[in-house]
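Undergrad:
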Amino acid sequence: MPKRDFSLVNVLVVGSGGREHALSWKLSQSSKVDTVFTAPGNGGTQNNIPINVEDLDALADFAQKNNCFTIVGPEAPLAMGIVDKFQKQNLKIFGPSKQAAQLESSKIWAKNFMKRNNIPTARFEIFDDPQKAKEHLDSIDYDVVVKADGLAAGKGVIVCSNKEEAISAIETILTKKTFGDAGNKIIIEERIDGIEASFIALSDGKIAIPMASSQDHKRIFDDDKGPNTGGMGAYSPTPIIDESLAKKIQDKVIDKTIQSMKSEGIEFRGFLYAGIMLKDGEPYVLEYNVRMGDPECQPITMRMDFDLFDYLAASSEGQLQSLPQIKWKNQYAVCIVLASKGYPEKYPKDEPISGISNSEDSYVFHAGTIKKDQVILSNGGRVLGVTALGDTLEQAIQNAYKQSDKISWANKYCRRDIGKKGLSYL
Ligand code: AMP
Ligand code: GLY
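So, in structure tokens, the structure goes:
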């Protein structure tokens, strides 16, 4: 029997989506890591621990007993203060503190933060009274986006094309309380029409290292039609962000955010995700997330040519400066999300899936799946993220669709145009 190396650490990845499968896949390749556990995980992750992401006591207990370094995927436990709790118990954990997570957990906090620190974002006003909110619409001459203040599972944002839609959005959030307490207050902000891209960096509170650029596809149907979803596919790098634009976003958005947080007494340690709208070559921050994007994480992870564990550990210790420069595979990666028909509304579950296979340059990350008696069943809206590399964007797209088309289940659905926007820029 091989001798156990006690210098290795165990890792606990918190979450159950495609992002968490990609993170645990990459972390299990680290020479520093022994076992990767995932809580609660999905049909594709190994060593699943049946603990809910919001059960902070049980997670801490597991991490303690199994000597784990914990890595948090989704926003909910971060907003609840999982990092503060673990640190109080002397448990090692990667992610931002509760205070730092306000960048995502309160859109109003984030907008005010951007305003007082001159970080470019759309102009806005805040309301808790529906009547005053409606009166505000009479005083402006631009289209608006109405946003619930709190976390609403990515659904609390209503993009409006006219005043009637804006009035109905105000009623949905403030009067009907469709998003519950997350909609006690709203932001009415100027609608900016441009090109969207995601810019994600890794910070230790002092410096921020940019991850590879990427672009998500948020709408359910081809050509960006239909309702918003969590994301139907992503690719990396995106030619929309060239070197000079990347530098501009790094300076004006990422570094400015990290330094402004620091000067307000908050060290941001974790992944900082800026949802950017580009208009006339200038970036505007639409939103912050305090975590990796899902599905952006899948193609970005596939291109990593470094030991992710080293960088996440250094981020949590404020030591990123001491690590060598990050390296990326000089290839494109594309992730096609295979969803259940009906998502983002109602969809069937428990349908057996066949045809999942991995190759040297492609990997199927699971999201809404569950394994029962060695059979993989659909168990969510976004089911799989088929991710493939290619020397060109076109090849990566072809490769990803080739692997996707081998997979089948009764109500499988995917967009057929993932990456197309990128091609039009090349
Ligand atoms: P958010 O969760 O704030 O990123 O909003 C979700 C989506 O709504 C974004 O990905 C954009 O497509 C859209 N959106 C948000 N804010 C604006 C804005 N000010 N102008 C135009 N579109 C927006
Ligand atoms: N793909 C968008 C997000 O993770 O919020």
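Numbering (this note's numbering), first residue to last: 213 to 638.
Don't be surprised by glycine CBs; every beta carbon is placed ideally from N, CA and C.
Please read all numbers here as calculations on a predicted model, not as lab measurements.
So, for Asp562: in the same chain, excluding its five sequence neighbours on each side, which residues have a beta-carbon less than 6 Å away from its beta-carbon?
TA: Position 350 of the sequence shown, counted from the first residue, corresponds to residue 562. Contacts found: Leu589.
Undergrad: Measuring only from the beta carbon, is Gly229 closer than 6 Å to any heavy atom that is part of the ligand GLY?
TA: For the purposes of this step, residue 229 is identified with residue 17 of the sequence shown, where counting begins at 1. Because no heavy atom of the ligand GLY lies under 6 Å away, the Cβ of Gly229 does not count as near it: no.
Undergrad: Using a Cβ-Cβ cutoff of less than 8 Å, which residues in the same chain neighbour Gln607 once the five nearest sequence positions on both sides are dropped?
TA: If you number the sequence shown from 1, residue 607 lands on position 395. Result list for Gln607: Tyr544, in chain order.
Undergrad: Measure the CB-CB distance between Ile370 and Leu386 and report whether it falls below 7 Å.
TA: Start at 1 with the first residue of the sequence shown, and residue 370 comes out as number 158. Start at 1 with the first residue of the sequence shown, and residue 386 comes out as number 174. Contact: no.
Undergrad: Under 6 Å: does the beta carbon of Asn440 sit that close to some heavy atom of the ligand GLY?
TA: Translated into positions along the sequence shown, residue 440 becomes position 228. Asn440: no, Cβ never under 6 Å from the ligand GLY.
Undergrad: Just how far apart, CA to CA, sit Met213 and Pro495?
TA: Residue mapping note: residue 213 aligns to position 1 of the sequence shown, counting from 1. Residue mapping note: residue 495 aligns to position 283 of the sequence shown, counting from 1. Any reading at Met213 needs caution, since the residue's pLDDT is 48, under 50, leaving its predicted position unreliable; the model's value is listed next. In a straight line, the C-alpha of Met213 is about 56 Å away from that of Pro495.
Undergrad: Between the Cα of Ile512 and those of Asp393, Lys238, Ser219 and Leu220, spot the shortest distance and give me the residue it belongs to.
TA: Within the sequence shown, the letter at position 300 stands for residue 512. Ile512 has its Cα closest to that of Lys238, out of Asp393, Lys238, Ser219 and Leu220.
Undergrad: Would you please state the rounded distance, in angstroms, between the beta carbons of Asn396 and Asp361? I believe it to be under 8 Å.
TA: If you number the sequence shown from 1, residue 396 lands on position 184. If you number the sequence shown from 1, residue 361 lands on position 149. Contact flag correct, Cβ pair sits at about 7 Å.
Undergrad: Could you please give the first and the last residue of the uninterrupted alpha helix (DSSP H) stretch that includes Met292?
TA: Stepping through the sequence shown from its first residue, residue 292 is reached at position 80. Run containing Met292: Glu287 to Met292, per the alpha helix (DSSP H) assignment.
Undergrad: Let me know the secondary structure DSSP gives Gly554 once reduced to three states.
TA: Here residue 554 corresponds to residue number 342 of the sequence shown, with the count starting at 1. DSSP places Gly554 in coil when its eight states are reduced to three.
Undergrad: Measuring straight from C-alpha to C-alpha, what distance separates Arg431 and Ile453?
TA: In the sequence shown, counting from the first residue as 1, residue 431 sits at position 219. In the sequence shown, counting from the first residue as 1, residue 453 sits at position 241. For Arg431 and Ile453, the distance between alpha carbons rounds to 21 Å.
Undergrad: In angstroms, rounded to a whole number, what distance separates the CA positions of Ile352 and Thr333?
TA: For the purposes of this step, residue 352 is taken as residue 140 along the sequence shown, with counting starting at 1. For the purposes of this step, residue 333 is taken as residue 121 along the sequence shown, with counting starting at 1. Using only the alpha carbons, I get a separation of about 17 Å.
Undergrad: Mind checking which residues open and close the alpha helix (DSSP H) that includes Cys509?
TA: In the sequence shown, counting from the first residue as 1, residue 509 sits at position 297. It spans Cys509 to Met514 - the alpha helix (DSSP H) in which Cys509 sits, taken as one unbroken run.
Undergrad: Could you check if Tyr354 is buried or exposed, using at least 16 other CB atoms within 10 Å of its CB as the buried criterion?
TA: Sequence index remark: in the sequence shown, residue 354 carries index 142 (1-based). With fewer than 16 other Cβ atoms within 10 Å, it is exposed.
Undergrad: Go ahead and pull the three-state DSSP assignment for Ala260.
TA: Here the question's residue 260 lines up with position 48 in the sequence shown. At residue 260 the sequence reads Asn, which differs from the Ala that was named. Correct three-state label for Asn260: strand.
Undergrad: Are Val226 and Gly285 close, meaning C-beta to C-beta below 7 Å?
TA: Reading the sequence shown from its first residue, position 14 is the one you call residue 226. Reading the sequence shown from its first residue, position 73 is the one you call residue 285. It is a contact, given that the beta carbons lie within the stated cut-off.
Undergrad: How many angstroms separate the CA atom of Phe325 from the CA atom of Ser475?
TA: Position 113 of the sequence shown, counted from the start, is the residue given in the question as residue 325. Position 263 of the sequence shown, counted from the start, is the residue given in the question as residue 475. If you take the alpha carbons of Phe325 and Ser475, they lie about 12 Å apart.
Undergrad: Would you kindly report the start and end of the unbroken alpha helix (DSSP H) that includes Val328?
TA: Looking up residue 328 in the sequence shown gives position 116. The question names Val, yet the displayed sequence has Arg at residue 328. Note, Arg328: alpha helix (DSSP H), Lys319 to Arg328.
Undergrad: Could you pull out every unbroken beta strand (DSSP E) segment of at least 3 residues lying fully inside the region 323-370, listed in chain order?
TA: If we require 3 residues or more, the beta strand (DSSP E) runs fully inside the region 323-370 come out as 336-339 and 356-360.
Undergrad: Bridge partners for Lys437 per DSSP, in chain order?
TA: For the purposes of this step, residue 437 is taken as residue 225 along the sequence shown, with counting starting at 1. Looking at the DSSP assignment, Lys437 forms a beta bridge with Phe433.
Undergrad: Taking only the alpha-carbon atoms, compute the straight-line gap between Lys633 and Asp435 and give it to the nearest angstrom.
TA: Here residue 633 refers to the residue found at position 421 of the sequence shown. Here residue 435 refers to the residue found at position 223 of the sequence shown. Whole-angstrom Cα-Cα distance: 9 Å.
Undergrad: What three-state label does DSSP hand Ile407 in the structure shown?
TA: Here residue 407 is taken as the residue at index 195 of the sequence shown, counted from 1. In the structure shown, Ile407 sits in a strand (DSSP, three-state: E or B).
Undergrad: Put Val295 into one of helix, strand or coil per three-state DSSP.
TA: Within the sequence shown, residue 295 is the residue found at index 83, counting from 1. If DSSP states are grouped into helix, strand and coil, Val295 belongs with the helices.
Undergrad: Can you give me the Cβ contacts of Thr384 inside the same chain, cut-off strictly under 6 Å, excluding the 5 residues immediately before and after it?
TA: Numbered from its first residue, the sequence shown carries residue 384 at position 172. Excluding residues within five positions, the ones whose Cβ falls inside 6 Å are Thr390.
Undergrad: Under 7 Å between the Cβ atoms of Trp640 and Arg503?
TA: Nothing in the structure corresponds to residue 640, since the chain is present only between 213 and 638.
Undergrad: DSSP has Tyr625 in a bridge; who is on the other side?
TA: In the sequence shown, the residue the question calls residue 625 occupies position 413. Answer is Ala551.
Undergrad: Quick check on DSSP: helix, strand or coil for Lys633?
TA: For the purposes of this step, residue 633 is identified with residue 421 of the sequence shown, where counting begins at 1. Three-state result, Lys633: helix.
Undergrad: With distances taken Cα to Cα, identify the nearest neighbour of Leu224 among Leu315, Gly392, Phe521 and Arg594.
TA: Taking the first residue of the sequence shown as position 1, residue 224 is located at position 12. Taking only the C-alpha atoms, the option nearest Leu224 is Phe521.
Undergrad: Residue range of the beta strand (DSSP E) that Met444 falls in?
TA: By one-based count along the sequence shown, residue 444 stands at place 232. Careful: Met444 lies outside any beta strand (DSSP E) and carries neither H nor E.
Undergrad: Once you ignore the five residues that flank Phe518 on each side, which residues in its own chain have a CB closer than 6 Å to its CB?
TA: What you label residue 518 is simply residue 306 of the sequence shown in a count that begins at 1. The answer, listed in chain order, is Ile538 and Lys539.
Undergrad: Compute the Euclidean distance between the alpha carbons of His348 and Val587, then round it to the nearest angstrom.
TA: As a working note, residue 348 is residue 136 in the sequence shown. As a working note, residue 587 is residue 375 in the sequence shown. Spanning the two alpha carbons is a distance of roughly 55 Å.
Undergrad: Measuring CB to CB, does Ser620 end up less than 7 Å from Ser566?
TA: Translated into positions along the sequence shown, residue 620 becomes position 408. Translated into positions along the sequence shown, residue 566 becomes position 354. A contact, by the Cβ cut-off of 7 Å.
Undergrad: Where do the N-terminal and C-terminal ends of the beta strand (DSSP E) with Lys583 fall, by residue?
TA: Here residue 583 is taken as the residue at index 371 of the sequence shown, counted from 1. Per DSSP, Lys583 belongs to the beta strand (DSSP E) from Thr581 to Lys584.
Undergrad: For Ile548 versus Ala612, is the C-beta spacing smaller than 7 Å?
TA: Sequence index remark: in the sequence shown, residue 548 carries index 336 (1-based). Sequence index remark: in the sequence shown, residue 612 carries index 400 (1-based). In this structure, Ala612 lies closer than 7 Å to Ile548 by Cβ.
Undergrad: Go ahead and pull the three-state DSSP assignment for Leu172.
TA: Because the chain spans 213 through 638 in this model, residue 172 falls outside it and cannot be assessed.
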